[in-house]
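Same order as they appear, the protein sequences are chains A and B. In terms of this note's numbering, the numbers along the first sequence are unbroken and rise by one, the last being 149. In terms of this note's numbering, the numbers along the second sequence are unbroken and rise by one, the last being 1149. Every residue, glycine too, gets a C-beta built ideally from N, C-alpha and C. Below is one structure, written out as structure tokens; comments come after it.
There are 2 protein chains.
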Amino acid sequence: MDSIDLRLIDLLRENARSSYAELARKVGLSAPAVHERVGKLEAAGTIRGYRADVDHEALGLGVTALIGIIEDSGADTDDVLAAVRAMPEVESCYFMAGVESYQLIVRVGTIAELEQLIVRINRTPGVASTRTAIALSTKWENRPQPGLG
Amino acid sequence: MDSIDLRLIDLLRENARSSYAELARKVGLSAPAVHERVGKLEAAGTIRGYRADVDHEALGLGVTALIGIIEDSGADTDDVLAAVRAMPEVESCYFMAGVESYQLIVRVGTIAELEQLIVRINRTPGVASTRTAIALSTKWENRPQPGLG
DNA sequence: CTGACTCATGGACTCCATCGACCTCCGGCT
DNA sequence: AGCCGGAGGTCGATGGAGTCCATGAGTCAG
């Protein structure tokens, strides 16, 4: 993991569809060398995958919200987690320090759907209560933090 | 925007480095047809870009936290936003309904760095106070929600 | 029926991905 | 010192992919 690897990671976070040839030109190596380095980064799990970044509004998922979950005192955390995992609207899920065990980032089409989702979460066994905050607008998301390569 | 477009988007959210030929096989079109469709989705802004999904821990950014910002009553929201935008640690930024005007997702290497970041945010003009919650673990992040294509 | 439009196909040409062969540097061993 | 072996690079070849373009099928309005 040297500075060339870091630059490759930065370049792929900027544009994951760059060709190996293009990456090679930018870092000053040959295409096969870049190919091998990227392959090793993938194998090591440093690069987990490549995702298209979409406009959720255009896909009918214009409502973003943060939902904090407070569990019952005797709740089985894994059961709550599994229930939440089964809900496709939950885009991200963090296990938190603090009263709210989980923090979810959810994406739905309408406020009505958000309401239904909240009801469903509140109904799942182990969940004592939830706290929801709605995002009025997304200033930016998943902005890559440049490495020092 | 038909069901084939939705499937292409799903496929690219799964693996943004799929070749056009592979996408073509999966959706049952020719490669040039897929090329044109994807190009149109990009031009329309439905696909905003392609990002490598990295293991932040491996890059020395193992600490994730959510920070809510409460603004001064007379604060200029744009100034606060610009100040936050200039901090590379802030990966995502949402403008929220509720007392906390902004919700940030930040990524740093150590708790000490998080402390410094919080201090810096609290010092910026227009910020009255902040509330920070630390993620102990990330269950999942940016999970693509499948379209109905 | 006809013309215009949309959208997919197939061919052609260029460029890329990827494999194998070889080269170079470096650390450890005889 | 000289040799060996591995890591990691370049180069060249080739099969396949990307992409441009001309063409053809299907659809709707007039």
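Neighbour flag for residue i against chain B, beta carbons, 7 Å
i        : result
Thr46/A  : yes
Ala52/A  : yes
Arg143/A : yes
Gly39/A  : no
Ala112/A : no
Ile4/A   : no
Gly98/A  : yes
Asp78/A  : no
Host alpha helix (DSSP H) of residue i (start-end)
i         : result
Val119/A  : Ile111 to Arg123
Glu1100/B : From DSSP, Glu1100/B is part of no alpha helix (DSSP H); its letter is neither H nor E.
Ala143/A  : The residue asked about is misnamed: residue 143/A is Arg in this sequence, not Ala. Run containing Arg143/A: none; DSSP gives neither H nor E here.
Gly39/A   : Ala31 to Ala43
7 Å Cβ cutoff, residue i in contact with chain A
i         : result
Ser1137/B : yes
Leu1012/B : yes
Gln1116/B : no
Pro1125/B : no
Ile1121/B : no
Proximal chain B residues relative to residue i, where beta-carbon distance stays under 7 Å
i       : result
Ile67/A : By Cβ distance, chain B contributes nothing, its closest Cβ being about 12 Å from Ile67/A, past 7 Å.
Glu89/A : Gln1145
Residue i versus residue j - alpha carbon distance
i         : j         : result
Asn18/A   : Ser73/A   : Here the sequence assigns Ser to residue 18/A, which means Asn is not the residue at that position. Their Cα atoms are separated by approximately 49 Å.
Thr138/A  : Arg107/A  : 12 Å
Gly49/A   : Gly1028/B : 24 Å
Val1034/B : Ala1021/B : 8 Å
Gly1045/B : Arg25/A   : 28 Å
Glu1042/B : His56/A   : 13 Å
Gly1098/B : Arg131/A  : 12 Å
Ala1133/B : Ile4/A    : 34 Å
Thr154/A  : Asp10/A   : Nothing about residue 154/A can be reported from this structure: the residues present for chain A run from 1 to 149 only.
Leu1059/B : Arg123/A  : 39 Å
Tyr1094/B : Ser1129/B : 17 Å
Arg13/A   : Ser30/A   : 20 Å
Leu104/A  : Leu1023/B : 31 Å
Within chain A, the residues that residue i reaches when beta carbons sit closer than 7 Å
i         : result
Asn1147/B : The identity of residue 1147/B in the sequence shown is Gly, whereas the question assumes Asn. Per Cβ cutoff of 7 Å: Leu59.
Arg1017/B : Ala16, Arg17 and Tyr50
Range covered by the beta strand (DSSP E) that runs through residue i
i         : result
Gly1068/B : Val1063 to Glu1071
Asp1076/B : Note, Asp1076/B: premise wrong, no beta strand (DSSP E); not H, not E.
Arg1017/B : Segment: none, Arg1017/B is in no beta strand (DSSP E) and carries neither H nor E.
Leu52/A   : Residue identity check: residue 52/A is Ala in the sequence provided, not Leu. Element bounds for Ala52/A: Ile47 to Val54.
Distance CB(residue i)-CB(residue j) smaller than 7 Å
i         : j         : result
Val1063/B : Leu1114/B : yes
Ala135/A  : Ala1016/B : no
Ser1101/B : Glu141/A  : no
8 Å Cβ cut-off: residues of chain B touching residue i
i       : result
Glu71/A : Those within 8 Å of Glu71/A in chain B number zero; the least Cβ separation is about 14 Å.
Cross-chain neighbours of residue i in chain A, by beta carbon under 9 Å
i         : result
Ser1092/B : Ile105, Thr138, Lys139, Trp140, Glu141, Asn142 and Arg143
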